[in-house]
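Chains as they are written, first to last, in the working numbering: chain A, 29 to 402; chain B, 946 to 1283.
Backbone N, C-alpha and C fix where the C-beta goes; we use that ideal spot for every residue, glycine too.
In this text, all values refer to a predicted model and were calculated from it rather than measured experimentally.
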């Protein structure tokens, strides 16, 4: 249960974004409550992702997302060195058929954002079927261990005196006497607390709070996604691959399980949907109810056309998550952070982060508007 | 104040005019910056001879942001420059033309049309052309438009606005660099046209007979084997005629014994046969030249150098959006295919 019934800042969702925002305000002397629906922090989207520390390469069709990733990359690596995994070589391959960029354009794009890339050695090229792959580039991109990242963030929010309340759901946010009234449900019961500002950082569940609070839903697109966790053959160990830029795949180390993740643009999303105010169903409920029938074989067979050794990968498990996208990103494949300040209620802010390493942009934006919050 | 579209537009300027290039680029840069979130300008030039002073690229790059200057080797045609320009551009939408056509109206209108789903927007410029050009163009269209899938507008100008998907589809086709306009026209799902306006004091580059003739011949030779088939059939026909003439000669020889009387006929037949023979040889020779040219594995163009502005990106821009949906239409679909 919360210690107090009055806070300066309430942050809903203890994912990486929520924890960073909570820490930011707590370090500036604010009384901050961080509410997490589950028993532990960073167990959903902050854990279930490709664990990629983006350095821009992934977004040749959105120069802004790419450039911000490129700028954030060294900062993230420097700030969280304990969770950075860089003991592998990362390669980006350019597909010949169906790719939306060609090798020349990719190279040009890398030069433009200042991301290092060089042609891969012939021994790496030999791993691929040259009929489907135009060129392979060796790049500088790392992975992160989300469990270690969570430990670091836990330590930081403790030191900053953020009050963390796990197994706590926020039911409603309402306007009250010029501030906000927040109805929360914990294992001990229901509580009502007041706050000057509330940050909704619940990723796919962002509209659940809006729906129960009678607030207009934010148009979002959801995808039920599967990431296969696999053991790779010896030839692929210490290497990671991403094939660009279309219906291709990524094979990345997944450090927190000591496995590799295999995701495929075509088969990772199983289905998609948009919110409907009249028949609203929480994406987390959709995820819980999903049958979770793996599409690993489709991913494996298609990926093996490009990288035949993928046939030797052994399936171990799948990670399931509801991926949340901005409909506006459909045209350019960008991954911006959605920040809706004072959304419908004064002091109520919705934040939907696309990429973990882009967190600095939201902190900078909050800092630029500090007169509103501090 | 214009609403800035969240797209990346590349403007490609073919053979910029060195006399007023700074003013032009400043103006074009302002247009692009005021309408689009991301942009670049590519200057496509070739190495010039000693007599012609070069563009002061370094000065341009110092003064104007987001410029890339690509210089190709001297013997490069405008079509290849055009193809190289759009191939090296990295925008979602690429506008490419001569300086005189890259006006605010033409750029904005063509990009808007492209965003509405027209993968290739062609510029049309209505102007009085010389008689030989109109006659030749009309004859060429009547004879070859079907067999060459030649569907360019009669007043087609050297101006295109293309989406990335159309460009990438066209790049994969044969002879893309030589017939960039035709290839672009043939790969797109939906085409758009705009009436071009020249900036007031500009003069349009006039067509040259030899260039136009050479272009027509290249189009025929590279894009269809029908003329070769026709020539082959002609050769066969002439063979048959030749055989019949031989038979006729033998018959005449058997029936009549005054051979001298047939001498003029013989000469006529021989001339006729030789005429066709050499015509056929000429065509076959042309094909042979093209085949040799085509199979020499040389790169379609050679880049001499590329330089760019010191400022190419706005590093201060944050990846934050206030709205999850966009009211802007952008059907060029560079996102995921669904």
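Am I right that residue i and residue j are in contact with their C-beta atoms under 8 Å? What's the rounded C-beta distance?
{"i": "residue 289 (chain A)", "j": "residue 257 (chain A)", "result": "6 Å"}
{"i": "residue 190 (chain A)", "j": "residue 62 (chain A)", "result": "5 Å"}
{"i": "residue 214 (chain A)", "j": "residue 95 (chain A)", "result": "Incorrect: roughly 42 Å between the Cβ atoms, too far for contact."}
{"i": "residue 1038 (chain B)", "j": "residue 1108 (chain B)", "result": "6 Å"}
{"i": "residue 241 (chain A)", "j": "residue 201 (chain A)", "result": "5 Å"}
{"i": "residue 284 (chain A)", "j": "residue 175 (chain A)", "result": "4 Å"}
{"i": "residue 272 (chain A)", "j": "residue 123 (chain A)", "result": "7 Å"}
{"i": "residue 973 (chain B)", "j": "residue 1034 (chain B)", "result": "With a Cβ gap of about 14 Å, residue 973 (chain B) and residue 1034 (chain B) do not count as contacting."}
{"i": "residue 1019 (chain B)", "j": "residue 992 (chain B)", "result": "4 Å"}
{"i": "residue 119 (chain A)", "j": "residue 267 (chain A)", "result": "7 Å"}
{"i": "residue 101 (chain A)", "j": "residue 83 (chain A)", "result": "4 Å"}
{"i": "residue 356 (chain A)", "j": "residue 1269 (chain B)", "result": "6 Å"}
{"i": "residue 970 (chain B)", "j": "residue 1045 (chain B)", "result": "Not quite, the Cβ-Cβ distance comes to about 14 Å (not below 8 Å), so this is no contact."}
{"i": "residue 131 (chain A)", "j": "residue 110 (chain A)", "result": "Between residue 110 (chain A) and residue 131 (chain A) the Cβ distance is about 36 Å, and since that is not below 8 Å, they are no contact."}
{"i": "residue 292 (chain A)", "j": "residue 331 (chain A)", "result": "6 Å"}
With DSSP as the reference, identify every bridge partner of residue i, one or two as the case may be.
{"i": "residue 1013 (chain B)", "result": "B:987 and B:1253"}
{"i": "residue 119 (chain A)", "result": "A:166 and A:269"}
{"i": "residue 160 (chain A)", "result": "In DSSP, residue 160 (chain A) forms no bridge with anything."}
{"i": "residue 1067 (chain B)", "result": "B:1105 and B:1138"}
{"i": "residue 80 (chain A)", "result": "A:171"}
{"i": "residue 280 (chain A)", "result": "A:289"}
{"i": "residue 257 (chain A)", "result": "A:289 and A:345"}
{"i": "residue 367 (chain A)", "result": "A:379"}
{"i": "residue 1038 (chain B)", "result": "B:954 and B:1108"}
{"i": "residue 145 (chain A)", "result": "A:167"}
{"i": "residue 300 (chain A)", "result": "A:251"}
{"i": "residue 223 (chain A)", "result": "A:35 and A:208"}
{"i": "residue 200 (chain A)", "result": "A:211"}
{"i": "residue 400 (chain A)", "result": "In DSSP, residue 400 (chain A) forms no bridge with anything."}
{"i": "residue 62 (chain A)", "result": "A:39 and A:192"}
{"i": "residue 99 (chain A)", "result": "In the DSSP output, where bridge partners are listed per residue, residue 99 (chain A) has none listed."}
Is it true that the CB of residue j sits closer than 8 Å to the CB of residue i?
{"i": "residue 4 (chain A)", "j": "residue 143 (chain A)", "result": "With chain A covering 29 to 402 only, the question about residue 4 (chain A) has no answer from this structure."}
{"i": "residue 126 (chain A)", "j": "residue 275 (chain A)", "result": "yes"}
{"i": "residue 350 (chain A)", "j": "residue 379 (chain A)", "result": "no"}
{"i": "residue 386 (chain A)", "j": "residue 1259 (chain B)", "result": "no"}
{"i": "residue 1110 (chain B)", "j": "residue 1126 (chain B)", "result": "no"}
{"i": "residue 340 (chain A)", "j": "residue 261 (chain A)", "result": "yes"}
{"i": "residue 188 (chain A)", "j": "residue 55 (chain A)", "result": "yes"}
{"i": "residue 377 (chain A)", "j": "residue 205 (chain A)", "result": "no"}
{"i": "residue 70 (chain A)", "j": "residue 252 (chain A)", "result": "no"}
{"i": "residue 225 (chain A)", "j": "residue 44 (chain A)", "result": "no"}
{"i": "residue 1122 (chain B)", "j": "residue 1025 (chain B)", "result": "yes"}
{"i": "residue 1300 (chain B)", "j": "residue 1228 (chain B)", "result": "Nothing about residue 1300 (chain B) can be read from this structure; chain B reaches only from 946 to 1283."}
{"i": "residue 58 (chain A)", "j": "residue 37 (chain A)", "result": "yes"}
{"i": "residue 1023 (chain B)", "j": "residue 960 (chain B)", "result": "yes"}
{"i": "residue 1219 (chain B)", "j": "residue 1183 (chain B)", "result": "no"}
{"i": "residue 178 (chain A)", "j": "residue 67 (chain A)", "result": "no"}
{"i": "residue 980 (chain B)", "j": "residue 1005 (chain B)", "result": "no"}
{"i": "residue 990 (chain B)", "j": "residue 977 (chain B)", "result": "no"}
{"i": "residue 1063 (chain B)", "j": "residue 1136 (chain B)", "result": "yes"}
{"i": "residue 185 (chain A)", "j": "residue 51 (chain A)", "result": "yes"}
{"i": "residue 403 (chain A)", "j": "residue 208 (chain A)", "result": "Because chain A spans 29 through 402 in this model, residue 403 (chain A) falls outside it and cannot be assessed."}
{"i": "residue 333 (chain A)", "j": "residue 160 (chain A)", "result": "yes"}
{"i": "residue 106 (chain A)", "j": "residue 1267 (chain B)", "result": "no"}
{"i": "residue 1078 (chain B)", "j": "residue 1157 (chain B)", "result": "yes"}
Whether or not the stretch 1052 to 1069 of chain B and the stretch 1006 to 1020 of chain B are in contact is what I'm after, with contact meaning three or more pairs of Cβ atoms, one per stretch, closer than 8 Å; do they touch?
Contact between the stretch 1006 to 1020 of chain B and the stretch 1052 to 1069 of chain B is absent, because fewer than three Cβ pairs lie under 8 Å.
Does the stretch 293 to 313 of chain A come into contact with the stretch 235 to 254 of chain A, if we say contact requires no fewer than three beta-carbon pairs (one atom in each stretch) closer than 8 Å?
Below 8 Å, enough C-beta pairs join the stretch 293 to 313 of chain A and the stretch 235 to 254 of chain A to call them touching: three or more.
Counting pairs of beta carbons, one from the stretch 72 to 92 of chain A and one from the stretch 169 to 181 of chain A, are three or more of them closer than 8 Å?
Enough Cβ pairs lie closer than 8 Å, so yes.
Please confirm if the stretch 109 to 116 of chain A is in contact with the stretch 149 to 166 of chain A, defined as three or more CB-CB distances below 8 Å between the two stretches.
Short answer: they don't touch.
Would you list, in chain order, the members of the stretch 1096 to 1129 of chain B that have their beta-carbon closer than 8 Å to a beta-carbon of chain A?
Per Cβ criterion, the list reads 1109, 1110, 1113 and 1116.
The stretch 950 to 977 of chain B: which residues have C-beta closer than 8 Å to a C-beta of chain A, in chain order?
The stretch 950 to 977 of chain B vs chain A, Cβ under 8 Å: 951, 952 and 953.
In the stretch 1026 to 1048 of chain B, which residues sit with their C-beta less than 8 Å from some C-beta in chain A, listed in chain order?
Cβ proximity to chain A below 8 Å picks out 1032, 1033, 1035 and 1037 from the stretch 1026 to 1048 of chain B.
Taking 8 Å as the cut-off, does the stretch 1050 to 1065 of chain B touch the stretch 950 to 959 of chain B (at least 3 CB pairs, one atom from each stretch)?
Yes, the stretch 950 to 959 of chain B touches the stretch 1050 to 1065 of chain B.
Any contact of the stretch 82 to 99 of chain A with the stretch 360 to 372 of chain A, i.e. 3+ C-beta pairs under 8 Å?
Yes: at least three Cβ pairs fall under 8 Å.
Chain-ordered residues of the stretch 1247 to 1271 of chain B with a beta carbon less than 9 Å from chain A:
Against chain A - using a Cβ distance shorter than 9 Å - the residues of the stretch 1247 to 1271 of chain B are 1253, 1257, 1258, 1259, 1260, 1262, 1263, 1264, 1265, 1266, 1267, 1268, 1269, 1270 and 1271.
Select from the stretch 978 to 993 of chain B all residues with a C-beta closer than 9 Å to any C-beta belonging to chain A, and list them in chain order.
Residues of the stretch 978 to 993 of chain B with a Cβ closer than 9 Å to any Cβ of chain A, in chain order: 982, 983 and 985.
Residues within the stretch 136 to 168 of chain A neighbouring chain B, beta-carbon criterion of under 8 Å:
Of all residues in the stretch 136 to 168 of chain A, 136, 137, 140 and 141 have a Cβ within less than 8 Å of some Cβ in chain B.
With three or more C-beta pairs closer than 8 Å as the rule, is the stretch 1164 to 1173 of chain B touching the stretch 1086 to 1105 of chain B?
At 8 Å Cβ cutoff, the stretches touch.
Taking beta-carbon pairs under 9 Å, can you tell me which members of the stretch 47 to 71 of chain A lie near chain B?
Taking a C-beta cut-off of 9 Å against chain B, none of the residues of the stretch 47 to 71 of chain A qualify.
Check each residue of the stretch 353 to 368 of chain A: if its Cβ is closer than 7 Å to any Cβ of chain B, include it; give the result in chain order.
Per Cβ criterion, the list reads 354, 355, 356, 357, 358, 359, 360, 361, 364, 365, 366, 367 and 368.
Name, going along the chain, the residues of the stretch 89 to 113 of chain A whose beta-carbon falls closer than 7 Å to a beta-carbon of chain B.
Answer in chain order: 89, 91, 92, 93, 95, 96 and 99.
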